[in-house]
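Remarks on the structure that follows.
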Amino acid sequence: MYKILKAESPAENIFMMDVEAPRVAKTCLPGQFVIVKMDEKGERVPLTICDYSREKGTVTIVFQVVGASTDKMSHLKAGDAFRDFTGPLGQPSEFVHEPAEELKKKKILFVAGGVGTAPVYPQVKWLHENGIDADVIVGAKNHELLILEKEMEAVAGNLYITTDDGSYKRKGMVTEVIKDLVQNEGKKYDVCVAIGPMIMMKFVCLLTKELGIPTIVSMNPVMVDGTGMCGACRLTVDGKVKFACVDGPEFDGHAVNFDEAMKRQQLYKTQEGRAMLKLKEGDTHHGGCGNCGGDQ
Ligand code: NAD
Ligand code: FES
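As structure tokens, this is what we get:
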């Protein structure tokens, strides 16, 4: 069992928990995810890691209530426990493998949208701890839905907050801030990391392609079981079939077919849609389980 040490709700429908999971905390890196299960029969829920403490042996998760399992999870309190807390899974962010001296030469821009701020935070924190201060744009629908502001402020080089309705700091979407920084303030970036809703990542990528900024996105939103078995997270990246939970979750955003991924995400929600996808995709329907040949 994995004990919850702290449980809070930083915004409506958003929950944050510190979980005692020393083995995951010891080896996890930014960009990776865990799969949590409340009880024996519970659904497997993949969640990106928001923070970790190797000393305390804790991992912080953030989730939004989107269905029955996350609703059930939202009622857990400090002292309760998860049945399973499997991880770290997925590939870490590419930059953790780059020599610090090379990274220090790069100007990195992070774009975080809504709950996507949670997986951006450990990346910015890791860079800060390694002497690299990145610029960070955080977008939220309104002030009440903004999360991790203080935490992000402590680790970002420059933090730009924008709200869709203008209830706090700048008004407008994250894409408007990118344009403003690059076109009006003359900022130059070598790489952009965009994590948030699919529609945000799509529009950030369209813009950064135009601006000539290579962009990495996290395709966590299309994951269902996180094991390479269900076939839900299938994507086309650079014309090739990939599975977010096995090959990602991070990919070159300019090579991801977002329209197909969003359409597929909708189809996957119904039984009829899933049957249709299986029929259309045949043997390649599944991910990298290694048993069905779908990963060949
Ligand atoms: P949201 O709808 O409030 O959007 C957050 C911000 O994204 C907005 O404030 C805006 O600045 C920007 N945005 C939205 N649509 C845009 C557009 N068309 N063009 C430009 N910018 C746009 O976000 P939310 O409700 O917190 O997001 C929930 C979604 O985030 C869920 O679908 C979840 O799957 C996803 N999510 C993604 C990840 C990931 O790893 N990519 C992680 C956690 C959550
Ligand atoms: Fe099921 Fe990737 S989430 S195959």
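Going letter by letter, the sequence shown gives residues -12 to 283 in the numbering used here.
Note that the Cβ used here is the ideal one computed from N, Cα and C, for glycine as well.
- For the set L132, N129, H130, G103, the Cα lying nearest the Cα of V123 is the one of G103.
- The beta carbon of G260 is closer than 8 angstroms to those of Q253, L254 in its chain, skipping five residues each way along the sequence.
- Counting only runs of 3+ residues, the beta strand (DSSP E) found wholly inside the stretch 173 to 199 occupies 178 to 182, in chain order.
- In this structure, the C-beta of M185 stays at least 7 angstroms away from each heavy atom of the ligand FES.
- The alpha helix (DSSP H) runs of length 4 or more contained entirely in the stretch 130 to 172 are, from start to end of the chain, 136 to 142, 161 to 166.
- Counting along the chain, the unbroken alpha helix (DSSP H) around M263 starts and ends at 258 to 268.
- When DSSP reads this structure, P33 sits in a beta bridge with I22.
- A check of alpha carbon separations from V161 across G144, G173, C179 identifies C179 as the nearest.
- Residue nearest to K43 within the set T35, F97, L(-8), E27 is L(-8) (criterion: CA-CA distance).
- With contacts defined by Cβ atoms closer than 8 angstroms, L16 and V23 do not form a contacting pair.
- From the listed residues T195, L168, G29, the smallest Cα separation to A55 is found for G29.
- Less than 8 angstroms separates the beta-carbon of D177 from that of I95.
- With a 10 Å radius around the Cβ and a threshold of 16 neighbouring Cβ atoms, K112 comes out buried.
- Following the DSSP letters along the chain, one finds D246 inside the alpha helix (DSSP H) bounded by residues 245 to 254.
- Distance from the Cα of D270 is smallest, within the candidate group N244, C217, T257, for C217.
- Under the DSSP definition of a beta bridge, A(-6) partners with M4.
- For V123, the enclosing beta strand (DSSP E) stretches over residues 122 to 127.
- Taking a 10 Å sphere around the C-beta of T14, we find fewer than 16 other C-beta atoms and assign the residue as exposed.
- Comparing C-alpha distances from D246 to each of K265, L133, V209 shows the shortest one belongs to V209.
- A residue is called buried once 16 or more other Cβ atoms fall within 10 Å of its Cβ, and N145, having fewer, is exposed.
- For N117, the shortest C-beta to heavy atom distance toward the ligand NAD is 7 angstroms or greater.
- For K112, the enclosing alpha helix (DSSP H) stretches over residues 104 to 116.
- Under the three-state reduction of DSSP, L90 is assigned to helix.
- Scanning K91, E89, K59, I36 for the CA closest to the CA of F72 turns up I36.
- Around the beta carbon of T150, 16 or more other beta carbons sit within 10 angstroms, so the residue counts as buried.
- DSSP lists A65 as the bridge partner or partners of D67.
- For D234, the secondary structure class from DSSP, reduced to helix, strand or coil, is helix.
- Taking a C-beta distance under 8 angstroms as the contact criterion, M60 and M3 do not qualify as a contact pair.
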